[in-house]
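Visitor: Can you read through this structure? Questions will come right after.
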Amino acid sequence: HRDLHSFPTRRSSDLIYFHPLSKFPGPKLASATDLFAVFHFVSGQRLKFSEKLHTQYGEVVRTRPNELSFIGDNAWKDIYMHRQGHKQMQKAGVPVSQTKAHSIIIAPDDVHARQRRLLSHAFSERAVRRRHTKFQSLK
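Quick note on numbering: the sequence shown equals residues 1 to 139 in the numbering used here.
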């Protein structure tokens, strides 16, 4: 019986201190459980709370056991841009739809490359900055 009671404590400890994301700052409770993030989402306070966390912890914050939140100028490139000479990120093994159309997210590398070329102008740094300026003016 003692092992059953110690499991949640041990699991939380592992998530907080030994998880691959443990080196990133953030609330310990957020590192240990999804309930912290779920509470702020359900209460409609997710964005305000995220802004508060970034003010307190900086540009990269651990918001859930397996999730980081990024802000800053380099976040887009660091997360989404393919770097020459580096292997592409492994795709999740989601099956192709009945229409045989590939989602850019899970497409094989050759199809993904073609789709990226078609969409690249919309996601260039210049285009993103232009939209960012427009969104900022809406505040």
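We put the beta carbon where it would ideally sit given N, CA and C, even for glycine.
What is the rounded straight-line gap between the Cα of Ala25 and the Cα of Lys100?
Guide: Reading off the sequence shown, one finds Pro at residue 25, where the question assumed Ala. In a straight line, the C-alpha of Pro25 is about 42 Å away from that of Lys100.
Visitor: What do you get for His40, buried or exposed, if any count of 16 or more other CB atoms within 10 angstroms of its CB means buried?
Guide: Per the 10 Å Cβ criterion, buried.
Visitor: What's the call for Leu29, buried or exposed, on a 16-neighbour Cβ count within 10 Å?
Guide: Burial call: exposed.
Visitor: Can you tell me the Cα-Cα spacing of Leu68 and Val60, whole angstroms?
Guide: C-alpha separation (whole angstroms): 7 Å.
Visitor: Given a cut-off of 8 Å, decide if Ala32 and Leu15 are closer than it, judged by their beta-carbon atoms.
Guide: Contact: yes.
Visitor: According to the Cβ coordinates, are Asn66 and Leu21 closer than 8 Å?
Guide: It is a contact, given that the beta carbons lie within the stated cut-off.
Visitor: Which ranges would you report for the alpha helix (DSSP H) in the stretch 13–38 if only whole runs of at least 4 residues count?
Guide: Taking only runs of at least 4 residues, the alpha helix (DSSP H) segments lying wholly in the stretch 13–38 are 28–32.
Visitor: What's the call for Arg129, buried or exposed, on a 16-neighbour Cβ count within 10 Å?
Guide: Exposed, since its Cβ has fewer than 16 Cβ neighbours within 10 Å.
Visitor: Rounded to whole angstroms, what is the Cα-Cα separation between Ala113 and Arg10?
Guide: Their backbone Cα atoms lie some 43 Å apart in a straight line.
Visitor: Are Ala122 and Gln115 close, meaning C-beta to C-beta below 8 Å?
Guide: Cβ distance not < 8 Å, so Ala122 and Gln115 don't count as in contact.
Visitor: Less than 7 Å between C-beta atoms, sequence neighbours within five positions excluded: which residues of the same chain meet that for Trp76?
Guide: Only Val128 meet the Cβ criterion.
Visitor: Out of curiosity, what's the CA-to-CA distance linking Gln84 and Phe36?
Guide: Gln84 and Phe36: Cα-Cα distance of roughly 38 Å.
Visitor: Just reading off the beta strand (DSSP E) that Phe123 is part of, what are its end residues?
Guide: No beta strand (DSSP E) holds Phe123; DSSP gives it neither H nor E.
Visitor: Consult DSSP for Glu51 and reduce its assignment to one of helix, strand or coil.
Guide: Reduced to three states, the DSSP call for Glu51 is helix.
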